[in-house]
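In what follows, a structure is listed as structure tokens, so that the remarks can point back to it.
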Amino acid sequence: MLNTHNIAVTFGGEELFSGITFKLNAGNRIGLVGKNGAGKSTLLKVIAGEQEYSSGTLAFEKEISIGYLKQDIDFEEGRTVLDEAYEAFKEIKSIEQKLERVNLELAERTDYESDYYHDLMHDLDDLSHRYELIGGYNYQGETEKILQGLGFQQADFNMPTNTFSGGWRMRIELAKLLLQNNDILLLDEPTNHLDIESIIWFENFLKNFNGAIMMVSHDKMFLDNVTNRTIEISLGKIYDFKKPYSQYLLLRNEIKEKQLQAQKNQDKEIKHTEQLINKFRAKANKASMAQSLIKKLDKVERIEVDIEDNAVMNVRFPISIVPGKIIFEAENISKNYGDNQVLKNIDLLINRNSRIAFVGQNGQGKSTLAKIMVNEIDFDGHLKLGHNVQIGYFAQNQSEYLNGEITVLQTMEDAASDGNRIRVRDMLGAFLFRGDDVEKKVKVLSGGERNRLALCKMLLSPFNVLIMDEPTNHLDIASKNVLKNALDKFEGTLILVSHDRDFLQGLTEKVYEFKDEKIKEYLGDINYFLEKHNLDNMREVEKRTKTITENKKSISNGKKNFKDTKIKKQLQNKLSKIEAEISRLEKEVINHDADILENFDEVTADKEFFTIYQAKKDKVGELMEEWEVLQERIDMI
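For the sequence shown, counting from 1, position 101 maps to 103 in the numbering used here; every step adds exactly one.
Here it is, written out as structure tokens:
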């Protein structure tokens with residue numbers, strides 16, 4: 003589908019990357035990874051034809067269509083969500099206009115036997131056939147299906163796009179892309195503005211996509227679930243492996259270890275040969291042998307070890323002073339934007355050293371409550387801050403508050419106090435802005451670099467409560483890992499708004515789900531929330547089904563008696579056995595997952611492995627359904 007050969011890109015005389023060579027075939031789902039500023043987004047722009055390249059060649063198969071999702075988008079004012087999504091069907095919309103004109107003309111004419119009338123009928127037949135062929139009778143239903151998968155409600159479809167936030171506009175652009183049936187999808191950080199439920203839906207969509215995908219993403223779990231190939235850009239070169247991200251990391255380390263060992267052995271051979279050359283040179287009768295060894299040494303192809311860019315930022319969130327026991331006390335907090343009620347009568351008590359995640363679909367009030375906590379927006383109700391509470395706040399669009407026309411250094415110096423201005427350069431160095439980098443204007447930085455600068459600037463003020471709204475957007479995987487480690491060591495109160503499942507794992511001890519103007523507490527980390535959330539969804543469906551069934555029974559049979567303690571005890575015993583079996587099978591599945599990661603080639607050679615593996619996963623699913631039914635019956639007694 004695509005063949006790139008020795009592609010190089012240079013900006014202002016500085017080479018960003020060179021020698022980029024790879025093939026893209028149908029079925030490839032490539033994760034394009036690398037540090038912020040390595041050139042990932044630039045490479046996507048080159049392939050999409052939106053960025054010139056300095057040298058090399060790009061060759062596409064004939065009639066290949068490319069869909070490109072950028073990080074930043076523009077919409078035409080005045081269109082509704084549906085109108086904008088229908089822009090994906092330019093040919094269909096064009097044919098609709100032509101059909102309307104032809105039908106109108108046919109209705110007005112009465113010269114049924116004329117050649118012109120015959121030509122109009124012929125045009126109508128051709129247009130109708132083409133319209134059906136390209137999905138003209140199905141596109142509206144397909145559009146609504148995709149929009150709903152990405153989180154839109156029916157009520158949103160006829161609302162103007164300019165009433166939605168940037169994240170929701172990005173979803174509309176993503177919907178257009180998914181509706182176009184392109185051969186190649188180029189996706190630049192597609193999950194940045196998606197909530198967890200939409201990411202899971204999007205993962206399933208991409209798994210079933212038949213074309214080729216190349217995506218820039220810093221979501222490790224998303225990459226592992228979707229991709230089957232990883233290309234890393236590092237120090238201007240690429241490394242290409244036919245493995246998803248986590249397996250690629252293991253393989254890359256193995257290859258490097260083998261390269262180091264081979265290089266070590268070769269160095270010993272070369273050193274030994276050089277010693278012989280020096281020894282033979284001193285003897286006239288051995289001079290020819292010395293020359294022979296020199297020629298042999300010149301022909302040796304030196305083993306090179308892949309160079310890695312191991313530079314990572316150094317983040318530490320020191321606590322300022324110890325606050326009181328109560329950090330936030332909220333009563334009857336409500337917030338609406340016009341007619342849109344987001345939060346209603348929220349009560350919340352947050353204690354010192356709490357570690358909390360805010361999750362839920364976009365637009366349910368997560369960021370709104372975070373802004374209320376930092377007194378950024380008006381609200382109804384009461385919010386009391388505890389004694390000595392000092393808040394550090396990282397907004398979802400924090401990097402947008404940076405002045406693009408000034409330098410990195412000036413950004414920090416303008417925000418610094420007399421007490422910490424002397425430390426500005428050291429702080430920038432810890433966030434990988436070194437040497438001449440500090441003189442760059444903010445507007446030329448990549449999205450990840452701007453986020454790093456915003457994080458660095460935030461550390462200029464002391465705090466003991468840290469509220470972060472989507473802090474990992476645009477950060478590369480290495481930087482995310484460093485940030486996660488720093489947050490793990492932070493000794494203050496932590497509140498995280500995030501959709502990144504891998505990032506949240508192990509960082510929080512409590513999850514608040516935002517839904518339908520309310521919040522619901524889950525006492526556990528993100529994994530516990532996802533498990534319980536799925537169970538809650540299944541229970542809701544089952545309760546609705548059960549209620550309908552029981553209502554029908556009550557009409558015909560009258561009273562029901564669920565208070566038989568003997569039956570309840572029998573059900574509980576059976577429930578305990580099922581729980582034990584689920585626990586045993588889940589442990590075995592986890593062990594199989596580890597085998598797949600550590601011994602992939604060995605595992606794939608065993609034909610029965612995946613049959614047994616899938617059977618255990620299926621059995622867990624069946625047992626979970628049986629557990630649900632039993633638990634519901636016990637709850638009803």
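Glycine included, each C-beta is placed from N, C-alpha and C at the ideal position.
None of these values were measured; they are calculated from a predicted model.
Selection from the options that minimises the alpha carbon distance to residue i
| i | options | result |
| --- | --- | --- |
| E205 | E441, E191, E63 and L225 | L225 |
| S219 | S585, N212, T193 and Y88 | T193 |
| H7 | Y250, G80, I49 and F516 | I49 |
| S356 | R425, F492, N405 and E276 | F492 |
| I235 | D121, A10 and H389 | A10 |
| G21 | G36, G15, Y55 and G14 | Y55 |
| L506 | L18, T12, L149 and I358 | I358 |
| T232 | L208, M216 and M223 | M216 |
| F24 | I521, V426, M3 and N483 | M3 |
| I240 | Y247, G340, S43 and V35 | V35 |
| N140 | D620, T112, Y88 and D128 | Y88 |
| K445 | E79, T409 and K147 | T409 |
| L46 | F13, K482, W203 and L187 | L187 |
| G494 | Q268, L18, S322 and G151 | S322 |
| M460 | V426, N475, E441 and H476 | V426 |
| G508 | G526, V591 and K281 | G526 |
| K346 | D221, I335 and H120 | I335 |
| D185 | L196, G69, E52 and S290 | G69 |
| I201 | Q150, H124 and A157 | Q150 |
| E628 | Q574, T613 and D597 | Q574 |
| T370 | R132, D471 and K245 | D471 |
| N453 | D380, Y403 and N487 | Y403 |
| C458 | Y514, M429 and L129 | M429 |
| A40 | P320, L237 and I497 | L237 |
| G421 | L462, T163, E65 and E86 | L462 |
Pairwise C-alpha distance: residue j and residue i
| i | j | result |
| --- | --- | --- |
| N212 | I580 | 39 Å |
| A617 | E191 | 35 Å |
| T547 | N38 | For T547, the pLDDT reaches just 38, beneath the cut-off of 50, and the residue's location in the model is therefore unreliable, although a value from the coordinates is still provided. Cα to Cα, T547 sits roughly 50 Å from N38. |
| Y615 | R81 | 49 Å |
| H274 | D608 | 45 Å |
| S67 | L179 | 11 Å |
| E552 | E533 | In this prediction, E552 has a pLDDT of 45, which is less than 50 and means its spatial position is unreliable; what the coordinates show is noted afterwards. Rounded to whole angstroms, E552 to E533 spans 28 Å at the Cα level. |
| L135 | M375 | 54 Å |
| P473 | P464 | 18 Å |
| A214 | N27 | 6 Å |
| V622 | E588 | 7 Å |
| V543 | L122 | For V543, the predicted structure reports a pLDDT of 37, less than 50, and the residue's modelled location is therefore unreliable. The matter cannot be settled from this model. |
| G394 | F19 | 37 Å |
| D127 | K95 | 17 Å |
| F159 | K100 | 25 Å |
| K301 | Q277 | 17 Å |
| F62 | L181 | 22 Å |
| I143 | N210 | The sequence as given places Gly at residue 143; Ile does not occur at that position. Near 19 Å, if we compare the C-alpha coordinates of N210 and G143. |
| G15 | Q265 | 34 Å |
| V324 | R354 | 9 Å |
| G13 | K443 | In the sequence as displayed, the identity of residue 13 is Phe instead of Gly. Taking the straight line joining both Cα atoms gives about 15 Å. |
| E199 | E515 | 12 Å |
N- and C-terminal bounds of the beta strand (DSSP E) containing residue i
| i | result |
| --- | --- |
| E234 | R231 to S236 |
| S20 | E16 to L26 |
| M216 | A214 to V218 |
| R31 | R31 to G36 |
| V513 | K512 to K517 |
| N5 | L4 to F13 |
| S57 | S57 to F62 |
| L496 | T495 to V499 |
First and last residue of the uninterrupted alpha helix (DSSP H) at residue i
| i | result |
| --- | --- |
| N206 | I198 to K209 |
| N453 | G449 to M460 |
| N83 | For the sequence presented, residue 83 should be read as Val rather than Asn. Note, V83: alpha helix (DSSP H), V83 to Y88. |
| N183 | It is not in any alpha helix (DSSP H) - N183 carries neither H nor E in the DSSP assignment. |
| D657 | Residue 657 lies beyond the residue range present for the chain, which begins at 3 and ends at 639; the question has no answer from this structure. |
Within-8 Å CB hit, residue i to chain B
| i | result |
| --- | --- |
| F19 | Of the protein chains in the structure, only one exists, and it is not chain B. |
Sub-8 Å separation of residue i and residue j beta-carbons
| i | j | result |
| --- | --- | --- |
| K337 | G367 | yes |
| V467 | Q400 | no |
| E521 | I348 | Before going further, note that residue 521 is Ile rather than Glu in the sequence given. Closer than 8 Å, so yes. |
| I279 | A289 | no |
| V361 | F91 | no |
| R31 | V317 | no |
| E79 | N183 | no |
Proximity test, residue i beta-carbon vs the ligand MN heavy atom, cut-off 7 Å
| i | result |
| --- | --- |
| G51 | Among the ligands in the structure shown, none appear at all, so the ligand MN cannot be discussed. |
Any beta strand (DSSP E) of 3 or more consecutive residues that is wholly inside the segment 387 to 439: 393 to 396
Every unbroken alpha helix (DSSP H) within the segment 136 to 160, with a cutoff of 4 residues, ordered by chain: 141 to 151
Ordered list of beta strand (DSSP E) runs contained in the segment 314 to 356, each at least 3 residues: 328 to 339 and 342 to 353
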